[in-house]
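So the sequence lines, in the order shown, correspond to chains A and B.
Under our numbering, residues -15 to 350 are what the first sequence spells out, in order.
Under our numbering, residues 535 to 615 are what the second sequence spells out, in order.
One structure below.
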Amino acid sequence: MSSDVILVIVICTALAFDFTNGFHDTANVVATSISTGAARPQVAIAMAALLNFVGAFISISVAATVANDVVDAGVITPTIVFAGLIGAITWNLITWWFGLPSSSSHALIGGVVGSAVAAVGFDAVLTEGLVGKVLVPAVVAPVLAFTVAGLAIGIIYRIVGKQRPGIVSRGFKHGQIVSGGLLALAHGTNDAQKTMGIITLALIANGSLGAGADPPFWVIFSAAAAIALGTYSGGWRIIKTTGTRIIKMDAAQGFAAQGAGAAVILSSTHFGFPLSTTHVINGGVMGAGAAKRVSAVRWGVAGNILTAWLLTLPAAAAFGAIVYGFTHIFGEGAAGPVIVSLIALGLVAFMFLRRAQRGAPVPAGG
Amino acid sequence: MTFAALIESKEMLETVVASVIAGLGVTSAFSIAIWGVGRYTELSSRGDRPLAATGAALVAAGGLAVVGAALVFGIVVMTSN
């Protein structure tokens, strides 16, 4: 009975995490299309929400990685998954409060690894999966997106450089409807699957599913719905700040950046690599910008991404371990997760109220 | 390096190759389509080279067909996993 209560808390927390992931990442997905005038904000956001929802259904490789390849599902309990989630949310809130860069995806994996280590020891971590499927792709993917976008914009200028600018601009604006849609689809398929993987891991830990099981349909549907609703909700906030936060680029650069980001995320998803989609999309944007003019790139953003790479996994792991230790004080039952959930909810409400009084927040990346 | 790690690096390599081919291939095909549209517009407004204008239109259609085929192929590969 108490493990079912913990399971329900884990599922609700994971879906809330998924919602905030969509909320944070709307800017990354739609910014380029809105910035170049390829799509009206309302249309771009509605399309991104819909395609995030659809994207969640096209693959389960990343969910399988998160559920089976990062930590040993045989020794994990729902409380460990819960502590990992709260650890990730805590790190995301801290970075959001101080305006530091973060990656929700890396925080999620780091949190679960940290709580698993605190509960069971380092034997709970599947090192090969963690290194081969999380750490290496985390470094390679943004660099790959940067390179592909840079090469793509070079090819574009070479082929259409002597054409009339009006035709070229209109053509790539139409192309951005497709490339932006693909990026939203890619975002949905990679990011929603992390939540599916976490819920599946909790279901396996609870004995509701067998080891190595795929996520059930209701898990896929609820994760898809949560990220789509988050994307749609986040969008209306972004409309107000579009003018100040978006990098100015032409339609061809937007097409190259979105195309490169979508290609890298979709290819990685096919092989089950859980990526930071924010890092990949930023990598594509910087690649398309740097190929035209190096000084056009906000290199500070690149520095922030590097910081996020280095900090997020270990910091979220530390918080996951601390939350597990605190939860464990109240015993093995549901009391610990219930108390920690109430404290976390109170803390979130306090932070949002304080932030609302002091000014607009700086969102963490996904 | 263990067998599992070797498989992972092979998959990483395949991800890199697939990303480069998809990213650059679709971009090239779409750029060629836009080039075709641009040439067609230019030639058809002059009206003195109808054959060349038709050729440019065919290039544009071919570029768009390649983009469409690449998208369908990508979605089929993703959903078949």
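Glycine residues also receive a C-beta, built at the ideal position from the N, C-alpha and C atoms.
- prompt: Would a C-beta distance cut-off of 8 Å place A:Q147 and B:G572 closer than the cut-off?
  reply: Working through the first sequence from its first residue, we reach residue 147 of chain A at position 163. Working through the second sequence from its first residue, we reach residue 572 of chain B at position 38. For the 8 Å CB-CB criterion, A:Q147 and B:G572 form a contact.
- prompt: For A:G238 versus B:I568, is the C-beta spacing smaller than 8 Å?
  reply: Here residue 238 of chain A corresponds to residue number 254 of the first sequence, with the count starting at 1. Here residue 568 of chain B corresponds to residue number 34 of the second sequence, with the count starting at 1. Not in contact: A:G238 and B:I568 (Cβ atoms no closer than 8 Å).
task: Spell out whether any CB of chain A is found under 8 Å from the CB atom of B:T575.
output: Start at 1 with the first residue of the second sequence, and residue 575 of chain B comes out as number 41. Output row for B:T575: interface = yes.
- prompt: Going by the beta-carbon positions, is the gap between A:A208 and A:A176 smaller than 8 Å?
  reply: Translated into the one-based positions of the first sequence, residue 208 of chain A becomes position 224. Translated into the one-based positions of the first sequence, residue 176 of chain A becomes position 192. A contact, by the Cβ cut-off of 8 Å.
Pairwise C-alpha distance: A:G330 and A:I(-10): Here residue -10 of chain A refers to the residue found at position 6 of the first sequence. Here residue 330 of chain A refers to the residue found at position 346 of the first sequence. Cα to Cα, A:I(-10) sits roughly 19 Å from A:G330.
- prompt: So A:L114 is in the alpha helix (DSSP H); what residue range does that whole segment cover?
  reply: For this step, residue 114 of chain A is matched to residue 130 along the first sequence. Start and end: T111 to L114.
task: Could you tell me whether the Cβ atoms of A:L213 and A:G6 are closer together than 8 Å?
output: Taking the first residue of the first sequence as 1, we reach residue 213 of chain A at position 229. Taking the first residue of the first sequence as 1, we reach residue 6 of chain A at position 22. Cβ distance < 8 Å, so A:L213 and A:G6 count as in contact.
- request: Would you please verify whether the beta carbon of B:G478 is less than 8 Å from any beta carbon of chain A?
  value: Because chain B in this structure spans residues 535 to 615, residue 478 of chain B falls outside the shown range and cannot be described.
Buried/exposed call for B:S614, threshold 16 Cβ in 10 Å: Taking the second sequence and counting its residues from 1, the one referred to as residue 614 of chain B is at position 80. By the neighbour-count rule (16 or more Cβ atoms within 10 Å), B:S614 is not buried but exposed.
- prompt: Which of the residues in the segment 551 to 585 of chain B, read from start to end, lie with their CB under 7 Å from any CB of chain A?
  reply: A552, S553, V554, A556, G557, L558, V560, T561, S562, F564, S565, I566, I568, W569, V571, G572 and T575
field: Within-8 Å CB hit, A:G227 to chain B
entry: Translated into the one-based positions of the first sequence, residue 227 of chain A becomes position 243. With a pLDDT of only 42 at A:G227, under the threshold of 50, the placement of this residue in the model should not be trusted; the figure read from the coordinates follows. So no, A:G227 is outside the interface.
message: Per DSSP, what are the beta-bridge partners of A:V55 in this structure?
response: Here residue 55 of chain A refers to the residue found at position 71 of the first sequence. Partner(s): A:V109.
- prompt: Under the three-state reduction of DSSP, which class applies to A:L213: helix, strand or coil?
  reply: On the first sequence, residue 213 of chain A is found 229 positions in, with the first residue counted as 1. Correct three-state label for A:L213: helix.
- request: Report the option in A:K157, A:T49, A:S45 and A:S43 whose CA atom is closest to the CA atom of A:G21.
  value: The count along the first sequence starts at 1 and reaches residue 21 of chain A at position 37. Of A:K157, A:T49, A:S45 and A:S43, the residue nearest in Cα terms is A:K157.
- prompt: Per DSSP, what kind of secondary structure is A:S260 in: helix, strand or coil?
  reply: Working through the first sequence from its first residue, we reach residue 260 of chain A at position 276. In the structure shown, A:S260 sits in coil (DSSP, three-state: anything other than H, G, I, E or B).
field: Buried or exposed (CB count within 10 angstroms, at least 16 for buried), B:A603
entry: Taking the second sequence and counting its residues from 1, one reaches residue 603 of chain B at position 69. Burial call: exposed.
message: With a threshold of 8 Å between beta-carbons, can B:T549 be considered close to chain A, or not?
response: One-based indexing of the second sequence puts residue 549 of chain B at position 15. Yes - at least one Cβ of chain A is within 8 Å of the one on B:T549.
query: Are the CB atoms of A:I143 and A:P258 nearer to each other than 8 Å?
result: Residue 143 of chain A sits at position 159 when you count from the first residue of the first sequence. Residue 258 of chain A sits at position 274 when you count from the first residue of the first sequence. Contact flag unset, no.
Under 8 Å from the C-beta of B:V611: neighbouring residues of chain A: Locating residue 611 of chain B in the second sequence gives position 77, where the first residue counts as 1. Result: H254.
Residue from A:F66, A:F130, A:S99 and A:G267 with nearest C-alpha to A:I(-7): Looking up residue -7 of chain A in the first sequence gives position 9. Selected option, being the one with the closest Cα: A:F66.
- request: Measuring only between beta-carbons, confirm whether B:G589 sits less than 8 Å from chain A.
  value: Residue 589 of chain B sits at position 55 when you count from the first residue of the second sequence. Answer no: the Cβ-Cβ gap between B:G589 and chain A never drops below 8 Å.
- request: Starting from the Cα of A:L128, find the closest Cα among A:N266, A:S(-14) and A:G317 and give me that residue.
  value: Locating residue 128 of chain A in the first sequence gives position 144, where the first residue counts as 1. Looking at the Cα atoms, A:N266 is the closest of the given residues.
task: Mind the definition here: the segment 187 to 195 of chain A touches the segment 106 to 113 of chain A only if three or more C-beta pairs lie below 8 Å; say whether that holds.
output: With a cut-off of 8 Å, the segment 106 to 113 of chain A and the segment 187 to 195 of chain A do not count as touching, because too few Cβ pairs lie within range.
- prompt: Where do the ends of the alpha helix (DSSP H) carrying A:L119 lie?
  reply: Taking the first sequence and counting its residues from 1, the one referred to as residue 119 of chain A is at position 135. Careful: A:L119 lies outside any alpha helix (DSSP H) and carries neither H nor E.
Reference B:V551; option with closest CA among A:I183, A:H254, A:M270 and A:A328: Numbered from its first residue, the second sequence carries residue 551 of chain B at position 17. Among A:I183, A:H254, A:M270 and A:A328, the Cα nearest to that of B:V551 is on A:H254.
- prompt: Using the beta-carbon of each residue, which ones in chain B are nearer than 7 Å to A:P121?
  reply: In the first sequence, residue 121 of chain A corresponds to position 137, counting from 1. The answer, in chain order, is M546.
query: Using CA coordinates, which residue listed in A:A0, A:S43 and A:V50 is at the minimum distance from A:I188?
result: Taking the first sequence and counting its residues from 1, one reaches residue 188 of chain A at position 204. Nearest C-alpha to A:I188: A:V50.
Contacts of A:V132 in chain B (Cβ-Cβ under 9 Å): Within the first sequence, numbered from 1, the residue matching residue 132 of chain A stands at position 148. Close partners of A:V132 in chain B (Cβ separation under 9 Å): S553, V554, A556, G557, L558 and T561.
message: Could you give the first and the last residue of the continuous alpha helix (DSSP H) run that contains B:A599?
response: On the second sequence, residue 599 of chain B is found 65 positions in, with the first residue counted as 1. Segment P584 to T613, the alpha helix (DSSP H) holding B:A599.
field: DSSP three-state assignment for A:V96, whether helix, strand or coil
entry: Residue numbering aside, residue 96 of chain A sits at position 112 when the first sequence is read from its first letter. Here A:V96 sits in helix by DSSP.
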